[in-house]
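Position one of the sequence shown corresponds to residue 360 (this note's numbering), numbered consecutively onward.
Every residue gets a Cβ at the ideal spot worked out from N, C-alpha and C, and that includes glycine.
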Amino acid sequence: MSLLGSMQAHLNAVPHLVLGLQVLGALSAAIAVSGALSFTYDTFLRPGVSLRKFGAKKGAWAVVTGASDGIGREFAIQLARAGFNVLLAARNQAKLDSVVDDIFKACGNGGEGEGVQTKTFVVDFASADDARWEAFLEELKPIEVGVLVNNVGVSHEFPSDFVDTSPEELGTIINVNVTATLRITSLIAPSMASRKKGLILNMGSFAGAAPTPMLAVYSASKAFVRTWSESLAAELAPKGVVVEHANTYYVTSAMSKIRRPSLFIPTPKAFVRAVLAKIAPGTTTPYWTHALIGAVLNLAPSKVVLAYTHSLLKDTRRRALAKRAKLAKQE
Ligand SMILES: NC(=O)c1ccc[n+]([C@@H]2O[C@H](COP(=O)([O-])OP(=O)(O)OC[C@H]3O[C@@H](n4cnc5c(N)ncnc54)[C@H](OP(=O)(O)O)[C@@H]3O)[C@@H](O)[C@H]2O)c1
């Protein structure tokens, strides 16, 4: 082709190129607008499924694991206020009893038997044997469970490389976050499915939404919870059971070791209020500033998120080790 001919061909192609770019631009704008609209709807406008649907004020029970502290304690109190009887499970009887006192105060009850009913079940989910699970089943037999909150979860003592993590710590994280969650759900989900009614609420973490170096086992355990929850949600939806996986950024608690709340880090009370107001099947991010962070993270390249998280956790580890050394010196 002559030089003139190739210049002509190039010029002919330009309108197509311009049209192509315009179409691409319009498509990108449409995707951005629909993303922004669906974020706004999910985060601020979508009405949650009413707790009445799961038996609130009709004698149904809520079972909350890890109910003696933090987020689980708030679930127990707020579900009682919403009209559920509550079964609370954790390792320490005295701590569970004190939450029961708080429930009675919150519900204006004078004592057990008046209004809301409670049960406590002491269990170490890291080491529960078949006999303990059998005992749990016996506790569940006489009650109708409308809500199961799989809240209990443990993380690494502080960020560490996998090769430096002890077998005991690995075992505890998997037993509590994965095995106990599966076992308790398998005790409760069949009766929900046969009654065609129930809510299974599983506590997730941003650490499960993206690989998290130095919290590798915790991160993988929460990724497990996410994948399993979404499969279970699809299986149980036709049977009338809602399965929700609540994706969660930091909340003030013993686990997060964050005491002061901020715009992005709510108290357990504010966090649980947001969760219960917006019950929906599948993965949700119920707290609005968490949803905002999630949206930004979704836009960023995953390698950048991973590198940022890694450097953040290296810093957390450095500070945790310095604090430990300082405490050791003081002893
Ligand atoms: N806080 C956050 O920033 C955050 C962020 C993302 C996700 N989450 C998730 O939210 C959930 C609750 O976290 P949290 O911050 O509320 O934790 P938390 O304050 O440490 O409370 C944990 C609860 O679980 C119980 N527990 C711990 N180990 C147990 C075991 N082996 N057997 C039975 N019970 C046990 C504790 O009671 P006892 O010690 O008395 O047994 C306590 O009631 C977890 O699944 C966590 O992964 C939290």
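**Prompt:** Just curious, the alpha helix (DSSP H) that N657 is in, first and last residue?
**Reply:** Mapped onto the sequence shown, residue 657 falls at position 298. Here the alpha helix (DSSP H) through N657 covers W647 to L658.
**Request:** Say whether the segment 560–574 touches the segment 614–624, bearing in mind that this needs 3 or more beta-carbon pairs closer than 8 Å, one atom from each stretch.
**Result:** no
**Rounded distance between the beta-carbons of V600 and A633, thought under 8 Å** = Stepping through the sequence shown from its first residue, residue 633 is reached at position 274. Stepping through the sequence shown from its first residue, residue 600 is reached at position 241. The pair is not a contact, with the Cβ atoms about 22 Å apart (cut-off 8 Å).
**Item:** Buried or exposed (CB count within 10 angstroms, at least 16 for buried), K688
**Value:** Mapped onto the sequence shown, residue 688 falls at position 329. That one is exposed.
**Per-residue burial, E471 [other beta carbons within 10 Å of its own, 16 or more giving buried]** = As a position in the sequence shown, residue 471 is number 112, starting the count at 1. Residue confidence for E471 is low, a pLDDT of 47 falling below 50, so the modelled location carries little weight and cannot support an answer.
**Message:** Using a Cβ-Cβ cutoff of less than 6 Å, which residues in the same chain neighbour F521 once the five nearest sequence positions on both sides are dropped?
**Reply:** Counting from one through the sequence shown, the residue named residue 521 turns up at place 162. Within the same chain, F521 has close Cβ partners A575.
**Message:** Extract the residue ranges of the alpha helix (DSSP H) inside the segment 505–548, only unbroken runs of 4 or more that lie entirely within it.
**Reply:** DSSP runs (the alpha helix (DSSP H)) wholly in the segment 505–548: 526–532.
**Request:** Could you tell me if G505 is buried or exposed, where buried requires 16 or more neighbouring beta carbons within 10 angstroms of its beta carbon?
**Result:** As a first step, residue 505 must be located in the sequence shown, where it is residue number 146. A buried status is given to G505, since no fewer than 16 other beta-carbon atoms sit within 10 Å of its beta-carbon.
**Request:** Would you identify the three-state DSSP class for K454, choosing helix, strand or coil?
**Result:** The residue you call residue 454 lines up with position 95 of the sequence shown. K454 falls in the helix class under three-state DSSP.
**Cβ separation of V610 and P627, assumed to be a contact under 8 Å, to the nearest whole Å** = Within the sequence shown, the letter at position 251 stands for residue 610. Within the sequence shown, the letter at position 268 stands for residue 627. Between P627 and V610 the Cβ distance is about 6 Å, and since that is below 8 Å, they are a contact.
**Request:** Taking only heavy atoms of ligand 1 into account, decide whether any of them is closer than 7 Å to the Cβ of G599.
**Result:** By one-based count along the sequence shown, residue 599 stands at place 240. Not under cutoff, so the answer is no.
**Asked** Rounded to whole angstroms, how far is the Cβ of M511 from the Cβ of F484, which I believe are closer than 8 Å?
**Response** For the purposes of this step, residue 511 is taken as residue 152 along the sequence shown, with counting starting at 1. For the purposes of this step, residue 484 is taken as residue 125 along the sequence shown, with counting starting at 1. Reading the sequence as shown, one finds Val at residue 511 and not Met. Going by Cβ atoms, the distance from V511 to F484 rounds to 6 Å, so yes, they are a contact pair.
**Message:** I'd like to check one pair, V445 with V475: are the Cβ atoms closer than 8 Å?
**Reply:** Walking along the sequence shown from the start, residue 475 turns up at place 116. Walking along the sequence shown from the start, residue 445 turns up at place 86. Contact flag set, yes.
**Asked** Would you say F434 and A426 are within 8 Å of each other, going by their C-beta atoms?
**Response** Taking the sequence shown and counting its residues from 1, one reaches residue 434 at position 75. Taking the sequence shown and counting its residues from 1, one reaches residue 426 at position 67. Yes.
**Prompt:** Going along the chain, which residues of its own chain have a beta-carbon closer than 7 Å to the beta-carbon of R411, five neighbours each way excluded?
**Reply:** As a first step, residue 411 is located in the sequence shown; it is residue number 52 there, counting from the start. Cβ neighbours of R411 beyond the five flanking positions: none.
**Message:** Are there any heavy atoms of ligand 1 lying less than 7 Å away from the beta-carbon of F517, as far as the coordinates show?
**Reply:** By one-based count along the sequence shown, residue 517 stands at place 158. Not so, every heavy atom of ligand 1 lies at least 7 Å from the Cβ.
**Request:** Alpha carbon to alpha carbon, how far is A666 from L680? Give it in angstroms, no decimals.
**Result:** Position 321 of the sequence shown, counting from 1, holds the residue named residue 680. Position 307 of the sequence shown, counting from 1, holds the residue named residue 666. The straight-line gap from Cα to Cα measures roughly 21 Å.
**Request:** Express the C-alpha separation of E497 and R542 in angstroms, rounding to a whole number.
**Result:** Counting from 1 along the sequence shown, the entry for residue 542 is found at position 183. Counting from 1 along the sequence shown, the entry for residue 497 is found at position 138. When rounded, the distance between both Cα atoms is 14 Å.
**Request:** Taking L680 as part of the alpha helix (DSSP H), name the residues at either end of that continuous run.
**Result:** The residue given as residue 680 occupies position 321 in the sequence shown. Unbroken alpha helix (DSSP H) run through L680: S661 to Q689.
**Request:** Run the proximity test for A426: is its beta-carbon closer than 7 Å to any non-hydrogen atom belonging to ligand 1?
**Result:** Counted from its first residue, the sequence shown places residue 426 at position 67. Yes - ligand 1 has a heavy atom lying nearer than 7 Å to the Cβ of A426.
**Prompt:** Which runs of the alpha helix (DSSP H) spanning at least 4 residues fall entirely within the segment 548–635, listed in chain order?
**Reply:** 565–568 and 575–595
**Request:** Quick one: residues in its chain with C-beta nearer than 7 Å to the C-beta of R440, no 5 flanking neighbours on either side, listed in chain order?
**Result:** To locate residue 440, count along the sequence shown from 1; it is residue 81. Apart from sequence neighbours up to five positions away, the residues of its chain that approach R440 with a beta-carbon distance below 7 Å are A465 and C466, ordered along the chain.
**Request:** Would you list the one or two residues that DSSP bridges to G641?
**Result:** As a working note, residue 641 is residue 282 in the sequence shown. The partner list for G641 (beta bridge, DSSP) reads E603.
**Request:** With L499 as the anchor, note down where its alpha helix (DSSP H) starts and where it stops.
**Result:** The residue given as residue 499 occupies position 140 in the sequence shown. It spans D489 to L499 - the alpha helix (DSSP H) in which L499 sits, taken as one unbroken run.
**Asked** Does the separation of the CB atoms of S590 and H604 fall below 8 Å?
**Response** Taking the sequence shown and counting its residues from 1, the one referred to as residue 590 is at position 231. Taking the sequence shown and counting its residues from 1, the one referred to as residue 604 is at position 245. Taking 8 Å as the Cβ cut-off, S590 and H604 do not qualify as a contacting pair.
**Asked** For E503 versus G418, is the C-beta distance shorter than 8 Å?
**Response** Your numbering for residue 503 matches position 144 in the sequence shown. Your numbering for residue 418 matches position 59 in the sequence shown. Yes, the pair counts as a contact, with Cβ atoms nearer than the cut-off.
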